[in-house]
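Engineer:
There are 2 protein chains.
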Amino acid sequence: MSHTVGVRQAQKQKTRQALLDAALGLLAEQSLSSLGLREVTRVVGIAPTAFYRHFRDLGELGVALVEEALGSLHSMVRAILAEQAAAEERIDRTVAVVERHVREHPAHVRFVARERHGGVRAVRQAIAGELERFGAEVADALRTQPVSRGWSDDDVRMLADLYVDRLVTTAAAILDAEDAGSPEGERERAVRVARWQLRLISIGRQHWKDEESGERP
Amino acid sequence: MSHTVGVRQAQKQKTRQALLDAALGLLAEQSLSSLGLREVTRVVGIAPTAFYRHFRDLGELGVALVEEALGSLHSMVRAILAEQAAAEERIDRTVAVVERHVREHPAHVRFVARERHGGVRAVRQAIAGELERFGAEVADALRTQPVSRGWSDDDVRMLADLYVDRLVTTAAAILDAEDAGSPEGERERAVRVARWQLRLISIGRQHWKDEESGERP
DNA sequence: CCACTCGGAGGACAGTTGTTCACTGACTTC
DNA sequence: GAAGTCAGTGAACAACTGTCCTCCGAGTGG
Chain Z
4 MSHTVGVRQA QKQKTRQALL DAALGLLAEQ SLSSLGLREV TRVVGIAPTA
54 FYRHFRDLGE LGVALVEEAL GSLHSMVRAI LAEQAAAEER IDRTVAVVER
104 HVREHPAHVR FVARERHGGV RAVRQAIAGE LERFGAEVAD ALRTQPVSRG
154 WSDDDVRMLA DLYVDRLVTT AAAILDAEDA GSPEGERERA VRVARWQLRL
204 ISIGRQHWKD EESGERP
Chain S
4 MSHTVGVRQA QKQKTRQALL DAALGLLAEQ SLSSLGLREV TRVVGIAPTA
54 FYRHFRDLGE LGVALVEEAL GSLHSMVRAI LAEQAAAEER IDRTVAVVER
104 HVREHPAHVR FVARERHGGV RAVRQAIAGE LERFGAEVAD ALRTQPVSRG
154 WSDDDVRMLA DLYVDRLVTT AAAILDAEDA GSPEGERERA VRVARWQLRL
204 ISIGRQHWKD EESGERP
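Quick note, the sequences are listed as chains Z and S, same order. Residue numbering for the first sequence is 4 to 220, as defined by my numbering. Residue numbering for the second sequence is 4 to 220, as defined by my numbering.
1) Quick one: using the 10 Å Cβ neighbour count with 16 as the cut-off for buried, is A99 (chain Z) buried or exposed?
2) Which residues in the same chain as A142 (chain S) place their Cβ atom closer than 7 Å to its Cβ, once the five residues preceding and following it in sequence are excluded?
3) Can you list, in chain order, the residues of its chain whose CB lies under 6 Å from that of R146 (chain Z), leaving out five sequence neighbours each side?
4) Could you work out which residue in Z:S34, Z:L30 and Z:V80 is closest to L134 (chain Z) when comparing CA atoms only?
5) Taking just the CA atoms, how far does R195 (chain Z) sit from L64 (chain S)?
6) Our contact map puts L22 (chain S) next to E42 (chain S) with C-beta atoms below 8 Å; I'd like the distance itself, whole angstroms only.
7) Could you spell out where the alpha helix (DSSP H) holding H104 (chain S) opens and where it closes?
8) Do you know how far the Cα of E102 (chain S) is from the Cα of P186 (chain S)?
9) Taking the straight line between their C-alpha atoms, what separation do you get for L27 (chain Z) and A110 (chain Z)?
10) Give me the residue from S:A90, S:S75, S:A72 and S:R96 with the minimum Cα distance to I83 (chain S).
11) Go to V194 (chain Z), then tell me how far its alpha helix (DSSP H) extends in each direction, as first and last residue.
12) Anything in chain Z within Cβ reach of I204 (chain S), meaning under 7 Å, just list it in chain order.
13) Given that L165 (chain S) touches chain Z, what residues does it touch there, using C-beta distances under 8 Å?
14) Are the CB atoms of R208 (chain S) and G207 (chain Z) nearer to each other than 9 Å?
15) Tell me, please, whether the CB atom of A116 (chain Z) is closer than 9 Å to any CB atom in chain S?
16) Just the Cα atoms here: how many angstroms apart are G121 (chain S) and H77 (chain Z)?
17) Can you list the residues of chain S that W154 (chain Z) reaches, using a CB-CB cut of under 7 Å?
18) For the segment 13-28 of chain Z, which residues have a CB atom closer than 8 Å to at least one CB atom of chain S, in sequence order?
19) Return the chain-ordered list of same chain residues with a C-beta closer than 7 Å to the C-beta of A175 (chain Z), the five sequence neighbours on each side being excluded.
20) Please check if any C-beta of chain S sits within less than 9 Å of the C-beta of E140 (chain Z).
21) Using a beta-carbon distance below 9 Å, is G188 (chain Z) in contact with chain S?
22) Cβ of A175 (chain S) less than 9 Å from any chain Z Cβ?
23) For a contact defined as C-beta to C-beta under 8 Å, what are the partners of S36 (chain Z) on chain S?
24) I want to verify the contact list: residues of chain S whose CB lies under 7 Å from the CB of T172 (chain Z), in sequence order.
25) With burial defined as no fewer than 16 other Cβ atoms inside 10 Å of the residue's Cβ, what is the status of E118 (chain Z): buried or exposed?
26) At which residues does the alpha helix (DSSP H) containing T18 (chain S) begin and terminate?
27) Counting only Cβ-Cβ distances shorter than 7 Å, please list the residues of the segment 112-136 of chain S near chain Z, keeping chain order.
28) Which residues in the same chain as V123 (chain S) place their Cβ atom closer than 6 Å to its Cβ, once the five residues preceding and following it in sequence are excluded?
29) Tell me which residue opens and which closes the alpha helix (DSSP H) that F137 (chain Z) is part of.
30) Which residues in the same chain as R127 (chain S) place their Cβ atom closer than 8 Å to its Cβ, once the five residues preceding and following it in sequence are excluded?
31) Scan the segment 34-96 of chain S and note each continuous alpha helix (DSSP H) run of 4 residues or more that stays entirely inside, going in chain order.
32) Thinking C-beta only, is F114 (chain S) closer than 9 Å to A72 (chain S)?
33) Just the Cα atoms here: how many angstroms apart are H210 (chain Z) and H210 (chain S)?
34) Please classify R152 (chain Z): does DSSP put it in a helix, a strand, or coil?
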């Protein structure tokens, strides 16, 4: 009675996911370009050759990991952008979401931070592309805010990219602070710094127009 | 007449440098954790075992590369911090220096960006430590500026860290824009974005105090 | 000039790697 | 229920890895 749509295909995606999970786990202490195909299959418990049924090579697996890793964060930030709130509260909420994301998906965060400038071109490009879409989305959201009145599309986009970059950097910083020396102190400091820096950028944003009209006499 | 102080030791440091250079070259298209010891010695033209005369393992070589890579940038930025200039001009000069640094030491920049979150713990820590010293130095310089009047040491430090982070990110962005698609366009855009973002931070910095005194009634 | 230091050579070791090929057998489709 | 698909198997391949060991010979210090 349970032949809904493909017992076979279901099993395939199951081991495919197992491959992704195993790789992600192994990538906690090495980078993708040093990861071995056999190493991954060994953890999953399948023959090395079975790997090819799912991915052409490890680069392709890496790209799949990028989508998985950035996909979850994407939906989270989308939620923040939707709500209208005061600048100060928005910042707190944003950092809180990032903090939660790091706690729930530490491996994903580490993967993105590590492979963003890593040794595998295809993965780098996948991350860059995803972050670009990300930036465009943030820019759209920023444009609707009153503060952006009179801003050029280009200026809004540069601001959006700055925000996106801070998000990624912040997440990586929180993660680093976790498995480092002091257990609670470093992490809390990272969060504090992130909030402070976002606040500074927000203030700069609010006073941007005064400056621009005043600097050309 | 040329037995100044050690023909032998001179030769040793020469091959040591050759090892560093060879590794740096190979690291253009892979990450440190996937780099092979034999791979490096093959490029230099020495026996694999000779490697051990200079480094215990590749991690140690990586740490040496960190010092070499960050050392050059360090002295450059120190020069910028020394000179007193208007905010706008200072930003232009800073970005110009970064741009020049990327052009002259692309491999070093790529190495730092790649291994900052890379798979080798010792190297990560070396970079983190170096950037921390870096941040402290920038903080010292910022403290002497009139704009920082009334700022706590902690606030100045967070600002300094933000600046340092932007420098590294900017350098990496310029580098990425170079060997990507469009030859001149992308690079110039990266520079423009960097300047814009620094300007925004600078404005936020100037209006920081107003905001702080106004938000608590 | 002689004893010594020490950067480097070269062989050999056991492991590991990615990829190939023909194969099996449970699921799917008609 | 027969024919076909296809995820996973297992042996075999050449190529490579890091490290150990012994040896060499040019520079060094007395």
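Here a beta-carbon is modelled for each residue, glycine too, at the ideal position from N, C-alpha and C.
Structural biologist: With the given structure in hand:
1) The residue is exposed, with fewer than 16 neighbouring Cβ atoms inside 10 Å.
2) In its chain, beyond the 5 residues on either side, V159, R160 and A163 have a beta carbon closer than 7 Å to the beta carbon of A142 (chain S).
3) V159
4) Z:V80
5) 35 Å
6) About 11 Å separates the two Cβ atoms, so there is no contact after all.
7) That run of the alpha helix (DSSP H) goes A90 to E107.
8) Between the C-alpha atoms of P186 (chain S) and E102 (chain S) there is a straight-line separation of about 15 Å.
9) 6 Å
10) Residue S:R96 is the option with its Cα nearest to I83 (chain S).
11) G188 to Q209
12) Contact annotation for I204 (chain S) against chain Z: L203, I204 and G207 [CB-CB distance below 7 Å, chain order].
13) Q200 and L203
14) yes
15) yes
16) Taking the CA atoms as reference points, G121 (chain S) sits about 24 Å from H77 (chain Z).
17) Those within 7 Å of W154 (chain Z) in chain S number zero; the least Cβ separation is about 12 Å.
18) none
19) V112 and A116
20) no
21) Answer no: the Cβ-Cβ gap between G188 (chain Z) and chain S never drops below 9 Å.
22) yes
23) Q33, S34, S36 and S37
24) D168
25) buried
26) V10 to L29
27) A116, R117, H120, G121 and G122
28) L35, S36, G62 and G65
29) R124 to R146
30) For R127 (chain S), where only same-chain residues beyond five positions count, the Cβ hits under 8 Å are E118, R119, H120 and G121.
31) 40-47 and 61-85
32) yes
33) 8 Å
34) coil
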